[in-house]
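J.: Can you read through this structure? Questions will come right after.
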Amino acid sequence: MGRCICVTLWSFCFIVTCAFSQDVIYTSNGSVITGKITGLDGDKIKYAMPKNPGPAYSIDVTDVLVAFNQNGNVITFPIKDGKSEITGFLNPPSHKSHDILVKMDNSVIECENVSLGKKDVRFQELDAKKGKEEKISREDVAVILYKDGHHEFGVNPAQATVPIRMAKTQIDQLTGVGQNLHLKEEANANKGESTRTTTTDTHDEMAFPGGPKEFESFRQKAISKVDEFGRYIATIVDPRTPADQSNSTIDLAFTLFVNADVRVEVSNVNTGSKNKYKIKDYLKRLKLKGADYQEVDVSYADIGYASEFIKGPDGNYYGVVSFVQTFKGFVDGKVVYGDITQRNITVILKLYEKVVEGQGKKMWDVFLADVGIIETRKL
């Protein structure tokens, strides 16, 4: 029988590890519930407590961040895909083939030999050279889903929830949840059983306070802001841009972001190393980088959603936009350096307070957040 280590306030101690013998529910008030999930719908999670048998317990899904069953399958709230997502969670495959690492930038790594330390996480990526160990900062890891069913958070559960939810489709593909559900539906069909279900539409655009039409306008605005960010970068890095114009453009670009703590990932194609810089520092470094060349050409292409907006536990909506950035540096009319980078950028639809005619008014707007790298290669 496995052992479960539970904490009641994970905001103070987020090294939460749970073995696979029990289901685990993480709530928005910081408590952790361990037991057996016996039922789940769009409104409530029902569960039993083996150490305190009796009537079934329940909790509103609005009070839940994320839940794991004993096999390590995960579900976040609100539920987007209704009955199919619930069925996939309650009827998971017995075990995963490998460990799964979910990063804070919403990317997923299938790996093995994972070791979670106080400051970093070490692992071997499956498609890497045999025996090669990778290392990333712990703060860049949302959660590790081990193949034996237990899990560990790199950050606290509230921070990890949005990346987990955004990566849910890919997680399900790697764990075989989708395949398991498909086989079950196919078996039911062969028996002549109907697999049709009637569910309430829980998509985030339907629940948005301004309605689907306003939600769509913000989707388009997010794409426009990413494009605007790209145009600002082209101006900042261009060595022909006057210093005062470059500085004012840095200030304009900075206003696109949700706060000063947003980080931008950069890579070195020669060494393969990656670093992260706060947005203002990144923009200033761009200006200095442009001075290495007589001319710089920066272009952007394939801007589109990698993950649609979903509602986070803080009430804001989070999405991911991907794009391809091409950089060319010229000296004497010849390209002396060039790379092409596939990036993703988190976009946040956020409720904020704006002063209008001396009075505070709450309004929704889109802001840019962390910028990550999927792949960089030389031209």
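Residue numbering for the sequence shown is -21 to -1, 1 to 358, as defined by mature numbering (1 follows the signal peptide of the UniProt record, and there is no 0).
Positions of the beta carbon are idealized from the N, C-alpha and C atoms, including for glycine.
(1) If you draw a straight line from the alpha carbon of GLN321 to that of VAL334, how long is it in whole angstroms?
(2) Might you give, ordered along the chain, the residues of its own chain that have their beta carbon closer than 7 Å to the beta carbon of GLN149, omitting 5 neighbours on each side?
(3) Should the stretch 295 to 307 be called in touch with the stretch 52 to 67, which here means at least 3 C-beta pairs below 8 Å?
(4) Are the CB atoms of TYR5 and LEU44 nearer to each other than 7 Å?
(5) Ignoring anything shorter than 3 residues, give me the beta strand (DSSP E) runs that lie fully in the stretch 75 to 115, in order along the chain.
(6) How far does the alpha helix (DSSP H) with GLY269 in it extend, from its first residue to its last?
(7) Quick one: what's got a C-beta closer than 7 Å to GLU287's C-beta in the same chain, skipping five residues either side?
(8) Per the contact definition of three or more C-beta pairs closer than 8 Å, is the stretch 272 to 288 in contact with the stretch 206 to 219?
(9) Write down the C-beta distance between SER37 and ILE24 rounded to the nearest angstrom, noting that I regard them as a contact closer than 8 Å.
(10) What residues in its chain sit with their C-beta under 8 Å from that of ASP42, if we drop five residues either side in the sequence?
(11) Excluding the 5 residues preceding and the 5 following SER225 in the sequence, name in chain order all residues of the same chain whose CB lies nearer than 6 Å to its CB.
(12) Check whether the Cβ atoms of THR140 and PRO292 lie closer than 7 Å to each other.
(13) With DSSP run on the structure shown, which of helix, strand or coil describes TYR26?
(14) Less than 7 Å between C-beta atoms, sequence neighbours within five positions excluded: which residues of the same chain meet that for VAL350?
(15) Does GLY33 pass the burial test, meaning 16 or more other C-beta atoms within 10 Å, or should it be called exposed?
(16) To which residues does DSSP link MET342 through a beta bridge?
(17) Apart from the five residues just before and just after ARG144, which ones in its own chain have a Cβ nearer than 7 Å to its Cβ?
(18) Using only the alpha-carbon positions, how far apart do LEU330 and VAL310 sit?
(19) Assuming ASP2 and GLY14 make a contact with CB atoms under 8 Å, what is their CB distance in whole Å?
(20) Which of the three DSSP states, helix, strand or coil, is assigned to ALA146?
(21) Can you say whether ASN247 is buried or exposed, counting buried as having 16 or more other CB atoms within 10 angstroms of its CB?
(22) Could you tell me the boundaries of the beta strand (DSSP E) in which SER301 lies?
(23) By Cβ distance, which residues of its chain are closer than 8 Å to GLY317, with the 5 residues on each side in sequence left out?
(24) Under three-state DSSP, which class holds ASP230?
(25) Are the beta-carbon atoms belonging to MET81 and VAL122 less than 7 Å from one another?
(26) Between VAL11, ALA46 and LYS30, which has its C-alpha nearest LEU19's C-alpha?
(27) Are the Cβ atoms of VAL345 and LYS200 separated by less than 7 Å?
(28) What first and last residue would you give for the alpha helix (DSSP H) that runs through ILE202?
(29) Which partner residues does LYS126 have in the DSSP bridge list?
(30) Given a cut-off of 7 Å on the beta-carbon distance, is the pair LYS341 and GLU332 in contact?
(31) Sort GLY337, ASN295 and GLY51 by Cα distance to VAL326 and report the nearest one.
(32) Considering just the uninterrupted stretch of the beta strand (DSSP E) at ARG242, what are its terminal residues?
(33) Which residues does DSSP list as the beta-bridge partners of ASN323?
T.: Reading from the atomic positions:
(1) In a straight line, the C-alpha of GLN321 is about 38 Å away from that of VAL334.
(2) Correct list, in chain order: VAL87.
(3) no
(4) Closer than 7 Å, so yes.
(5) 78 to 82, 87 to 95 and 99 to 104
(6) Element bounds for GLY269: 258 to 269.
(7) GLY298
(8) In short, these stretches touch, since the Cβ pair count reaches three.
(9) About 7 Å separates the two Cβ atoms, so the contact holds.
(10) THR6, SER7 and ASN8
(11) Around SER225: ILE215 and LYS266.
(12) yes
(13) DSSP places TYR26 in strand when its eight states are reduced to three.
(14) VAL243, GLU244, ARG322 and ILE324
(15) Classification of GLY33: exposed, given that the 10 Å Cβ count is below 16.
(16) TYR331
(17) If the five residues before and after ARG144 are omitted, its C-beta is found closer than 7 Å to the C-beta atoms of THR55 and ILE289, all from its own chain and listed in chain order.
(18) Roughly 46 Å separates the two Cα atoms.
(19) Under the criterion of beta carbons closer than 8 Å, ASP2 and GLY14 qualify as touching, at roughly 6 Å.
(20) For ALA146, the secondary structure class from DSSP, reduced to helix, strand or coil, is coil.
(21) exposed
(22) 296 to 310
(23) Apart from the 5 residues on each side of it in sequence, GLY317 sits with its Cβ closer than 8 Å to the Cβ of THR305, PHE306, LYS307, GLY308, LYS357 and LEU358 in its chain, given in chain order.
(24) helix
(25) Before going further, note that residue 81 is Val rather than Met in the sequence given. The answer is yes: Cβ separation under 7 Å.
(26) ALA46
(27) yes
(28) 190 to 216
(29) Looking at the DSSP assignment, LYS126 forms no beta bridge with any residue, so it has no partner.
(30) Against a cut-off of 7 Å, the Cβ pair of GLU332 and LYS341 comes out as a contact.
(31) ASN295
(32) Following the DSSP letters along the chain, one finds ARG242 inside the beta strand (DSSP E) bounded by residues 242 to 246.
(33) Partner residues in the beta bridge of ASN323, as assigned by DSSP, are SER301 and GLY351.
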